[in-house]
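Trainee: Dropping a structure here in structure tokens format, bear with me for questions.
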Amino acid sequence: MSRVEASARWTGIFGRLFLRGLMLNTGLAFGAAITLFFAVDLVETGSVISADASLLDTLKLQLFNIPAMVQQMAAVVALVGGTITVAGFLRRGEVAAILSAGASPWAVLKPTLLFGFGLAIAFAAMNEWVAPEARARAAVQRRLLGLSDRTSDRLGGSHRWFRGRDRIFRIDDLQDRQGKELAGVLMLRIEDGQVLERWDMGRLRYGRQGWVGEQVVHRTFGDSESLTTTRTSSLPIAISDAPEDFVQSLGNPERLSYSALEASLRAREKLGQSAVSHRLELYRRHTLPLMVLVAAALGAGLALLVGRKPSLALALGLGVVAGFSLWLLDEVSVALGTTSTLLPVIAAHIAVIMAGAVTLGVWGHVLMRGIRAS
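Residue 14 is where the sequence shown starts when you use my numbering, and the numbers rise one by one after that.
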């Protein structure tokens with residue numbers, strides 16, 4: 014068997030084993046991160062939830078918060094998984110064995126990129142189909158537990174105004190990401206500068222029969238300053254606006270699917286409304302999966318830079334520090350983009366561009382100079 018054939022054989026076996034190691038270590042890192050998140054969030058919410066809240070309701074809140082936690086920590090976990098996996102293979106001498114057989118560090122980089130690509134696809138799918146619904150349900154669950162909304166859920170303040178086709182609305186929250194359930198609704202019918210009717214509703218739901226108000230207080234203002242008040246638990250109301258109209262004007266960008274986010278962005282810009290958060294979120298739907306891929310490659314490269322037999326503690330520490338740096342850079346750039354200090358396109362891309370530059374530098378050094386002896 015020639016040296017090239019031996020190298021190809023060992024690279025293939027090594028690649029499969031390395032992929033398994035990446036999946037195992039990244040899964041363990043995700044498990045540790047979720048466990049830590051549960052512990053911290055339970056302590057945070059346990060001290061402020063209402064007295065009649067059940068343990069089941071609290072656990073539901075933690076469950077609905079998992080996708081949001083994964084969105085924040087995916088790059089960190091991918092980086093830590095990469096450093097630990099490479100460090101383990103280095104300590105067992107498996108990396109040195111394939112290099113001695115004639116393989117290059119590409120034997121490590123290729124399965125890492127394959128794993129990172131798969132993880133990025135799964136992450137993008139979660140952002141599209143799981144995270145928006147989970148965020149909406151988490152917001153509802155927080156109210157059931159007597160907790161205040163998170164800052165990211167209060168887009169535009171605690172109350173948001175919407176001018177419909179023939180009514181004016183003030184809405185506390187869209188409790189359904191499709192706009193079919195609104196909470197804390199004040200609706201006004203105004204003609205010639207005068208309020209003719211006012212509806213105060215605990216909820217406004219959209220179903221087969223159209224819009225139905227719950228816990229409704231209906232006030233009618235007559236011509237001679239007379240006032241008629243009607244209270245009812247449920248009342249069908251003729252509203253010409255569709256659920257998607259509320260979503261486009263009031264929907265939190267983090268709770269919208271990609272297509273709904275694009276439609277909301279176009280509608281807000283057409284109406285002259287602020288769309289900074291929506292445009293920033295749209296860009297981040299592209300850059301966040303890419304950041305996961307870059308983080309996995311960066312973690313593997315950093316572990317190879319340390320030496321041929323790094324300790325697992327050193328690899329873990331290196332991964333945590335590098336991952337925290339990525340997370341901090343991303344959070345700062347998002348904060349600057351949200352406040353319009355940076356353009357949304359710059360704020361969304363600066364972290365992944367800088368991380369990509371560092372990753373290219375690390376792997377360029379590894380490919381040209383190899384792995385240090387110690």
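Ideal Cβ positions, reconstructed from N, Cα and C, are used throughout, including at glycine.
Per DSSP, D186 forms a beta bridge with which residues?
Mentor: Locating residue 186 in the sequence shown gives position 173, counting from the first residue. DSSP output for D186 lists A196 as bridge partner(s).
Trainee: Terminal residues of the continuous alpha helix (DSSP H) containing R156?
Mentor: By 1-based counting over the sequence shown, the position of residue 156 is 143. A144 to L157 is the span of the alpha helix (DSSP H), which, as asked, contains R156.
Trainee: Answer yes if the segment 290-307 comes into contact with the segment 350-370, meaning at least three C-beta pairs across the two stretches below 8 angstroms, and no otherwise.
Mentor: Verdict: yes, contact present.
Trainee: Thinking just about the alpha-carbon of each residue, which of A328, G94, A326 and M367 is nearest to the one in S338?
Mentor: Here residue 338 is taken as the residue at index 325 of the sequence shown, counted from 1. The shortest C-alpha separation from S338 is found at M367.
Trainee: Give me the Cα-Cα distance between Y219 and L248, rounded to the nearest whole angstrom.
Mentor: In the sequence shown, counting from the first residue as 1, residue 219 sits at position 206. In the sequence shown, counting from the first residue as 1, residue 248 sits at position 235. The alpha-carbon atoms of Y219 and L248 are separated by roughly 12 angstroms.
Trainee: Just to confirm my understanding: we take L30, look at its own chain, exclude 5 residues before and 5 after, and list those with CB closer than 7 angstroms. What are they?
Mentor: Counting from 1 along the sequence shown, the entry for residue 30 is found at position 17. Nothing meets the Cβ criterion.
Trainee: When the Cα atoms are used, what is the spatial distance from E210 to F234?
Mentor: Counting from 1 along the sequence shown, the entry for residue 210 is found at position 197. Counting from 1 along the sequence shown, the entry for residue 234 is found at position 221. If you take the alpha carbons of E210 and F234, they lie about 6 angstroms apart.
Trainee: Counting Cβ pairs, one atom from each stretch, are 3 or more of them under 8 angstroms apart for the segment 78-98 and the segment 339-346?
Mentor: Flag = yes, the segment 78-98 and the segment 339-346 touch.
Trainee: Quick check: L217 and V198, are their CB atoms within less than 7 angstroms of each other?
Mentor: To locate residue 217, count along the sequence shown from 1; it is residue 204. To locate residue 198, count along the sequence shown from 1; it is residue 185. Cβ atoms of L217 and V198: closer than 7 angstroms.
Trainee: Nearest-angstrom Cα distance between A251 and L195?
Mentor: Within the sequence shown, numbered from 1, the residue matching residue 251 stands at position 238. Within the sequence shown, numbered from 1, the residue matching residue 195 stands at position 182. Whole-angstrom Cα-Cα distance: 15 angstroms.
Trainee: How many angstroms separate the CA atom of L303 from the CA atom of F130?
Mentor: Within the sequence shown, residue 303 is the residue found at index 290, counting from 1. Within the sequence shown, residue 130 is the residue found at index 117, counting from 1. In a straight line, the C-alpha of L303 is about 8 angstroms away from that of F130.
Trainee: Run through DSSP, which three-state label would L373 get?
Mentor: The sequence position of residue 373 within the sequence shown is 360, counting from 1. L373: helix per DSSP, three-state reduction.
Trainee: Let me check understanding here. Comparing Cα to Cα, which of N265, D213 and R297 lies closest to T243?
Mentor: Stepping through the sequence shown from its first residue, residue 243 is reached at position 230. If we check each option's Cα against that of T243, D213 comes out closest.
Trainee: Should the segment 63-82 be regarded as contacting the segment 150-160, the criterion being three or more beta carbon pairs within less than 8 angstroms?
Mentor: With the cut-off at 8 angstroms, the segment 63-82 and the segment 150-160 touch.
Trainee: Based on the DSSP output, what are the partners of E210 in its beta bridges?
Mentor: Working through the sequence shown from its first residue, we reach residue 210 at position 197. DSSP, once it has assigned bridges, lists R202 and T233 as partnering E210.
Trainee: Keeping to the same chain, check which residues put their C-beta closer than 7 angstroms to that of R176; ignore five residues upstream and five downstream.
Mentor: Here residue 176 refers to the residue found at position 163 when the sequence shown is read from its first residue. Cβ neighbours of R176 beyond the five flanking positions: none.
Trainee: Flag this pair as yes or no: are the beta carbons of R156 and R268 separated by less than 7 angstroms?
Mentor: Position 143 of the sequence shown, counted from the start, is the residue given in the question as residue 156. Position 255 of the sequence shown, counted from the start, is the residue given in the question as residue 268. Contact flag unset, no.
Trainee: Between the C-alpha atoms of L168 and L263, what's the straight-line distance to the nearest angstrom?
Mentor: Here the question's residue 168 lines up with position 155 in the sequence shown. Here the question's residue 263 lines up with position 250 in the sequence shown. Note on L168: pLDDT 47, under 50, position unreliable in the model; no value is reported.
Trainee: Measure the alpha-carbon distance for S253 versus V225 and round it to whole angstroms.
Mentor: Taking the sequence shown and counting its residues from 1, the one referred to as residue 253 is at position 240. Taking the sequence shown and counting its residues from 1, the one referred to as residue 225 is at position 212. Distance between the alpha carbons of S253 and V225 is about 13 angstroms.
Trainee: With 16 other CB atoms within 10 Å as the buried threshold, where does Q207 fall?
Mentor: Position 194 of the sequence shown holds residue 207. It counts as exposed.
Trainee: Look up P249 in the DSSP assignment and give the residues it is bridged to.
Mentor: For the purposes of this step, residue 249 is taken as residue 236 along the sequence shown, with counting starting at 1. Beta-bridge pairing links P249 to V225.
Trainee: Using three-state DSSP, classify G59 as helix, strand or coil.
Mentor: Reading the sequence shown from its first residue, position 46 is the one you call residue 59. Helix.
Trainee: From the DSSP output, in three-state form, read off L240 for me.
Mentor: Counting from one through the sequence shown, the residue named residue 240 turns up at place 227. The answer is strand: DSSP assigns L240 an E or B state.
Trainee: Starting from R173 and walking both ways along the beta strand (DSSP E), at which residues does that stretch end?
Mentor: Residue mapping note: residue 173 aligns to position 160 of the sequence shown, counting from 1. First-last of the beta strand (DSSP E) with R173: R173 to R176.
Trainee: Which one or two residues does DSSP pair with R218 in a beta bridge?
Mentor: Here residue 218 refers to the residue found at position 205 when the sequence shown is read from its first residue. Answer is E194 and V225.
Trainee: Give me the Cα-Cα distance between A316 and A137, rounded to the nearest whole angstrom.
Mentor: Position 303 of the sequence shown, counting from 1, holds the residue named residue 316. Position 124 of the sequence shown, counting from 1, holds the residue named residue 137. For A316 and A137, the distance between alpha carbons rounds to 26 angstroms.
Trainee: By Cβ distance below 6 angstroms, which residues in the same chain neighbour L380 in space, the five residues on each side in sequence not counted?
Mentor: Against the sequence shown, residue 380 aligns to sequence position 367. Only P118 meet the Cβ criterion.
Trainee: Buried or exposed for G314, please, with buried defined as at least 16 other CB atoms from any protein chain shown within 10 angstroms of its CB.
Mentor: Within the sequence shown, residue 314 is the residue found at index 301, counting from 1. When all chains shown are included, G314 counts as buried.
Trainee: Do you know offhand how far R178's Cα is from S270's?
Mentor: Position 165 of the sequence shown, counted from the first residue, corresponds to residue 178. Position 257 of the sequence shown, counted from the first residue, corresponds to residue 270. Rounded to whole angstroms, R178 to S270 spans 25 angstroms at the Cα level.
Trainee: Go through its chain and collect everything with a Cβ distance to D54's Cβ below 7 angstroms, but skip five positions before and after it.
Mentor: The residue given as residue 54 occupies position 41 in the sequence shown. Q75 and N78.
Trainee: Report the partner residues of I181 according to the DSSP bridge assignment.
Mentor: Counted from its first residue, the sequence shown places residue 181 at position 168. Beta-bridge pairing links I181 to R176 and L201.
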